[in-house]
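full-length UniProt numbering applies: residue 1 is where the sequence shown begins, and numbers increase by one. We treat Cβ as the ideally placed atom computed from N, Cα and C, and that holds for glycine. This report refers to the structure that appears directly beneath it.
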Amino acid sequence: MTSTEESITTTPQQAQPEEAAADSATDLSATAEAALDRGREAMEKGREAAERVGDAVERAANTLVTRFRNTAELTEDRGQTTIADEVVEKIAGIAAREVPGVHDLGGEVSRVFASLKERIGIGETNNDEADRGVAVRLQGTTAEIDMKIVIEFGYVVHSVTDAVRTKVISSVENMLGLEVTEVNIRVNDVHVPENGDAAPAA
């Protein structure tokens, strides 16, 4: 065998380690790229989680600040009077319950819960139930009131809601000195007496 033939036969043997090294480098590069992708994905998930936590904290803080600020302030000669929203809610609730045709206040869930507590012997007191179904937003000396009511069957709905609105505005403004800018009423249900007798239309 000549030297040229020897060279030809040995060249493939010399190329095998180089090809193996190239394949190994390619595998390492692919592995590194995959690791980088996983790292970037983990960082993105961490960033999103941090943003969600930050948003939740911000919402909680805003809710707390709004709750603290939801009071009415009346400036007087010798000091300042602050009225909590719960006071306005109770007065509005009591006033609404005095209107003929109003059976109850509150949404279905709150009324069912109140009924359950009454059955097991821990029924609500007058103070507990007075502000049920009433929400108030106070700003300075003005108040916006939202109410949920249940009307007795047989009463004209708009007549009852007009009477509730008038009664609530009068009670809150006269007792607290606030200006009630609006009273929004949601009729949540109609109460039908068990004996089936309808209340007189009003």
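When you compare each of Gly154, Met147, Tyr155 to Lys167 by their alpha carbons, which one comes out closest?
Position 167 of the sequence shown, counted from the first residue, corresponds to residue 167. When each option's Cα is compared against that of Lys167, the closest is Met147.
Out of Gly46, Ala42, Glu182, Gly177, point me to the one whose CA is closest to Val164's CA.
Looking up residue 164 in the sequence shown gives position 164. Comparing Cα-Cα distances from Val164 to each of Gly46, Ala42, Glu182, Gly177, the minimum goes to Glu182.
Which residues does DSSP pair with Asn184 in a beta bridge?
Taking the sequence shown and counting its residues from 1, the one referred to as residue 184 is at position 184. DSSP output for Asn184 lists Asp146 as bridge partner(s).
Measure the alpha-carbon distance for Ala72 versus Ser170 and round it to whole angstroms.
Stepping through the sequence shown from its first residue, residue 72 is reached at position 72. Stepping through the sequence shown from its first residue, residue 170 is reached at position 170. Answer to the nearest angstrom: the Cα atoms are 17 angstroms apart.
DSSP state of Val134, grouped into three classes?
Residue 134 sits at position 134 when you count from the first residue of the sequence shown. Strand, per DSSP.
Taking Thr81 as part of the beta strand (DSSP E), name the residues at either end of that continuous run.
Here residue 81 refers to the residue found at position 81 when the sequence shown is read from its first residue. 79-84 is the span of the beta strand (DSSP E), which, as asked, contains Thr81.
Rounded to a whole number of angstroms, what is the C-alpha to C-alpha distance between Glu53 and Gly46?
One-based indexing of the sequence shown puts residue 53 at position 53. One-based indexing of the sequence shown puts residue 46 at position 46. The amino acid at residue 53 is misidentified as Glu; the sequence shows Val. If you take the alpha carbons of Val53 and Gly46, they lie about 11 angstroms apart.
DSSP on Val168, reduced to helix/strand/coil?
As a first step, residue 168 is located in the sequence shown; it is residue number 168 there, counting from the start. Helix at Val168.
Here's a check: name, in chain order, each residue in its chain whose Cβ is nearer than 8 angstroms to the Cβ of Asn184, leaving out the five neighbours to either side.
Reading the sequence shown from its first residue, position 184 is the one you call residue 184. Within the same chain, Asn184 has close Cβ partners Glu144, Ile145, Asp146, Met147.
Cβ-based neighbour list, Val134, same chain, cut-off 6 angstroms, excluding 5 preceding and 5 following:
Translated into the one-based positions of the sequence shown, residue 134 becomes position 134. Same-chain partners within the cutoff: Glu89, Ala92, Gly93, Met147.
The beta strand (DSSP E) enclosing residue 214, as first and last residue numbers:
Outside the modelled stretch of the chain, which goes from 1 to 202, sits residue 214, for which no answer is possible.
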